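Line by line, the protein sequences give chains A and B.
The first sequence stops at residue 976 when you use our numbering, and every number in between is there.
The second sequence stops at residue 976 when you use our numbering, and every number in between is there.
Positions of the beta carbon are idealized from the N, C-alpha and C atoms, including for glycine.
For clarity, every value in this text was computed on a predicted model and none was experimentally measured.
Some notes on the structure that comes next.
Number of protein chains: 2
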Amino acid sequence: LADSHFIGIDIGATLIKMGVVTREGALVSRDEARTDEINGPSHFVKIAGETFERLLVEAGVEKRAIGAVGIGAPGWVDHQRGIVHELTNIPDWRDFPLARKIEETLGLSVFVDNDANVMAVGEMLYGAGRGYKNFICLTLGTGVGGAIIIDGAIHRGANGLAGEVGHMSIDTQGRQCACGALGCLENYVGNRSIVARALELMGESPTGGSGSIIYEMAGGDPANITTKTIADAAAKGDAVALEVWRETGRRLGSAMAGLINLLDPECFVVGGGVAKAGPVLFDRMKEAMASLAMNKLGRSTPILEAELGEHAGLIGAATFAMLSSERD
Amino acid sequence: LADSHFIGIDIGATLIKMGVVTREGALVSRDEARTDEINGPSHFVKIAGETFERLLVEAGVEKRAIGAVGIGAPGWVDHQRGIVHELTNIPDWRDFPLARKIEETLGLSVFVDNDANVMAVGEMLYGAGRGYKNFICLTLGTGVGGAIIIDGAIHRGANGLAGEVGHMSIDTQGRQCACGALGCLENYVGNRSIVARALELMGESPTGGSGSIIYEMAGGDPANITTKTIADAAAKGDAVALEVWRETGRRLGSAMAGLINLLDPECFVVGGGVAKAGPVLFDRMKEAMASLAMNKLGRSTPILEAELGEHAGLIGAATFAMLSSERD
């Protein structure tokens, strides 16, 4: 059956994933490689070609069943020309015409976009965003990514730069961000900041003073503390962990209230590793958003947890390929 | 000629303006009333009806030449149902079906929207926004209003609340805003805040210590100090005035950088009384925006001064009526 399946490629900081996804959003075969094992752009293209052949065999799908290929890449992507400008974790990657190179190798149409944008498309069709045509997607991880869906399409803006929710300043005299600005949201609610705040609250002596169980739950090594450790500690009532999530939820909820005042979305869809903290984070976000949005109608804007989980990027990329190829 | 002219009504905090505007954006007759002389919604409708007849005579235009009526109102407006929920400066105004009442009185189609939204439409067709289909409009006055134009249309959002650029928080632990949130942009760059900051920098003794000429330029009465005084003082090199504009421009430029990262507009159009400060404000905004936006393409986003001047609201309202009636 022609165009019954689509290929998704999710380029992450740690892993590159590739998979075959049905028109209904089901992932039928997949593979992954470590990002730091890729030598450069040409190596990436070669690996993608080999993986493609293997995945088709594994999925029992013929090549003519594949409608198109979608790729989600972190950072600055020129969607229209199919260029990924920078990939900091792959050497020698600079202004690489990824869409064209993969097209030449696979003989299929290829669409490239920012990773947060393709995730948002996946959530819109098969995840928490089903039924919504105007929403804002946040991905909470090391960085804070975002995507804006307006009238059922990705809002890219004049230069394809739109959606960087993590780079709205929440304190114009705040922390220096790597992007050059001060006080960007990402510097307060990214996972490193969350862990750093827990350590700060635990004080000089993480084993004692504060009475927090986080240290113990991390096996006695502060380097093992992750946002999951802090979420687990909060579930057991740990005061430090609860305070960390309260502050994080408050900042995110405040940013969301501002986004409601500015864009008035139908809902928010929130995913990424940090979102796995679950209710302890979502409840705090909702409280803050509801107390800070200026209009009573805005205060009931739903904040939904993303549904596509660890393969959201992969399914999103394939879904994005489907939508893009059918729009052309 | 049928539909050659449109009526605009601009409801402001101080003045209500009504005018006849041609299809080409020219204001051919106009009148105004003090907002505080209006007794209530019914009185407003009655006055509008009387003024309408007078304006037609004055303009030498027959009623059948009028295509539609557009109204811009401050605050919360339900555009779809034509309801203006609140007008704090007119007594007993609550959830008033303004469009229907004016339609009944004038026998013409009536379209109502937020004042910043209709101004943006005017600037798009006849002002600084000509040629742009995706931009953000800011109106700097006592409050900070805003409007977002996407694909040539007002972005209203799920509940018609969108565009409140002044109610994005720029400091999550900042000043208490009347809207209930903390640190909204409006509390730092609204005209009262600008004047208050000048007084603060002038210190306890505005006549002496700081050496500022602002006090003298205000005729020796601090109550006379306006943003215009501070702009005039800056033009003469007054250090306090220059510092006030530097801070104001920095905060606005920072907010604009965040808006570029989020929405990536083609340009900004900035109007309102505070914008009359001119280059001393615009240069500082541009510098801050260019140093803070994360992507080099975004850093060259034009920041344009609104062109329609004191009748921007009136011309915008009429233009908005024209676009709305032709879309239906």
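*Sort out for me which residues DSSP pairs residue 830 of chain A with in a bridge.*
When DSSP reads this structure, residue 830 of chain A sits in a beta bridge with A/824.
*asked:* Here's a check: name, in chain order, each residue in its chain whose Cβ is nearer than 7 angstroms to the Cβ of residue 769 of chain A, leaving out the five neighbours to either side.
replied: Same-chain partners within the cutoff: 802, 964, 967, 968, 971.
*Contact between the region 699-713 of chain B and the region 672-691 of chain B (3+ Cβ pairs under 8 angstroms)*: With the cut-off at 8 angstroms, the region 699-713 of chain B and the region 672-691 of chain B touch.
*Anyone know if the C-beta pair for residue 649 of chain A and residue 713 of chain A falls short of 8 angstroms?*
Yes, they are a contact pair.
*Is the region 806-824 of chain B in contact with the region 930-949 of chain B, if contact means three or more CB pairs nearer than 8 angstroms?*
With a cut-off of 8 angstroms, the region 930-949 of chain B and the region 806-824 of chain B do not count as touching, because too few Cβ pairs lie within range.
*Hey, is residue 906 of chain A's beta-carbon within less than 8 angstroms of any beta-carbon in chain B?*
Taking a beta-carbon distance threshold of 8 angstroms, residue 906 of chain A counts as an interface residue toward chain B.
*asked:* Can you pull out the residues from the region 871-895 of chain A whose beta carbon lies closer than 9 angstroms to at least one beta carbon of chain B?
replied: Within the region 871-895 of chain A, no residue qualifies.
*residue 899 of chain A versus chain B: which residues are under 7 angstroms apart at the beta carbon?*
Result: 820.
*Given a limit of 7 angstroms on CB to CB distance, which residues of the region 813-838 of chain A reach chain B?*
Listed by position, the residues of the region 813-838 of chain A near chain B (Cβ gap below 7 angstroms) are 813, 815, 816, 817, 818, 819, 820, 827, 828, 829.
*From the DSSP output, which residues share a beta bridge with residue 877 of chain A?*
In the DSSP output, where bridge partners are listed per residue, residue 877 of chain A has none listed.
*Note the first and the last residue of the continuous alpha helix (DSSP H) segment covering residue 896 of chain B.*
Run containing residue 896 of chain B: 887-911, per the alpha helix (DSSP H) assignment.
*Could you tell me whether the Cβ of residue 914 of chain B comes closer than 8 angstroms to any Cβ of chain A?*
Taking a beta-carbon distance threshold of 8 angstroms, residue 914 of chain B counts as an interface residue toward chain A.
_Check this for me: beta carbons of residue 878 of chain A and residue 842 of chain A, under 8 angstroms apart or not?_
Pairing residue 878 of chain A with residue 842 of chain A gives a Cβ-Cβ distance under 8 angstroms.
*Sort out for me which residues DSSP pairs residue 670 of chain B with in a bridge.*
DSSP, once it has assigned bridges, lists B/653 as partnering residue 670 of chain B.
*Roughly how many angstroms lie between the CA atoms of residue 730 of chain A and residue 755 of chain A, to the nearest whole one?*
The alpha-carbon atoms of residue 730 of chain A and residue 755 of chain A are separated by roughly 15 angstroms.
_CB contact below 8 angstroms: residue 724 of chain B versus chain A_ = Interface flag for residue 724 of chain B against chain A is set, since a Cβ pair is found closer than 8 angstroms.
*From what residue to what residue does the beta strand (DSSP E) around residue 716 of chain A run?*
Residue 716 of chain A -> beta strand (DSSP E) spans 714-721.
*Among A/839, A/720, A/707, which has the Cα closest to the Cα of residue 656 of chain A?*
When only C-alpha atoms are compared, the closest one is A/720.
_Pairwise C-alpha distance: residue 953 of chain B and residue 659 of chain A_ = Rounded to the nearest angstrom, the gap between the Cα atoms of residue 659 of chain A and residue 953 of chain B is 42 angstroms.
_Listed by chain order, chain D residues near residue 765 of chain A by CB distance under 8 angstroms_ = Included in the structure are the protein chains A and B, with no chain D among them.
*CB-CB length for residue 814 of chain A against residue 833 of chain A, believed under 8 angstroms*: Yes, they are in contact, since the Cβ atoms of residue 814 of chain A and residue 833 of chain A sit about 5 angstroms apart, within 8 angstroms.
*What do you get for residue 752 of chain B, buried or exposed, if any count of 16 or more other CB atoms within 10 angstroms of its CB means buried?*
Burial state of residue 752 of chain B is exposed, judged by a 10 Å Cβ sphere holding fewer than 16 other Cβ atoms.
_Considering Cα atoms alone, identify which of A/951, A/778, A/946 is closest to residue 918 of chain A._
It is A/951 whose Cα lies nearest to the Cα of residue 918 of chain A.
_Given a cut-off of 8 angstroms on the beta-carbon distance, is the pair residue 725 of chain B and residue 693 of chain B in contact?_
Contact flag unset, no.
*What residue from B/695, B/697, B/663 has the CA that sits closest to residue 684 of chain B's CA?*
Comparing Cα positions, the closest option is B/663.
*the region 772-781 of chain B / the region 909-928 of chain B touching (three or more Cβ pairs under 8 angstroms)*: With a cut-off of 8 angstroms on Cβ pairs, the region 772-781 of chain B is in contact with the region 909-928 of chain B, counting three or more such pairs.
*Note down the Cα distance separating residue 789 of chain A from residue 867 of chain A, rounded to an integer number of angstroms.*
Taking the straight line from one Cα to the other gives about 23 angstroms.
_Top-ranked residue by Cα proximity to residue 827 of chain A, from B/835, B/940, B/913_ = Nearest of B/835, B/940, B/913 to residue 827 of chain A, Cα basis: B/940.
*What is the rounded straight-line gap between the Cα of residue 961 of chain A and the Cα of residue 767 of chain A?*
The alpha-carbon atoms of residue 961 of chain A and residue 767 of chain A are separated by roughly 5 angstroms.
_Cβ-Cβ separation, residue 722 of chain B to residue 661 of chain B (assumed contact under 8 angstroms), whole Å_ = Contact holds; Cβ gap of about 7 angstroms.
*Can you find a CB in chain B that lies within less than 8 angstroms of the CB of residue 789 of chain A?*
No, residue 789 of chain A lies away from the interface with chain B (no Cβ there is under 8 angstroms from its Cβ).
*How would you list, in chain order, the residues of chain B whose beta-carbon sits under 7 angstroms from the beta-carbon of residue 806 of chain A?*
Chain B residues near residue 806 of chain A: 782, 912, 913, 914.
*Of the residues B/682, B/671, B/907, which one's Cα is nearest the Cα of residue 796 of chain B?*
By alpha-carbon distance to residue 796 of chain B, the top candidate from B/682, B/671, B/907 is B/907.
*Those residues which DSSP pairs with residue 681 of chain B across a bridge*: Partner(s): B/664.
*asked:* Once the 5 residues before and after residue 744 of chain A are set aside, which same chain residues still bring their CB inside 7 angstroms of it?
replied: Closer than 7 angstroms at the Cβ level, and outside the excluded window around residue 744 of chain A, lie 689, 731, 732.
_From B/673, B/666, B/654, B/668, residue whose alpha carbon lies closest to that of residue 956 of chain B_ = If we check each option's Cα against that of residue 956 of chain B, B/673 comes out closest.
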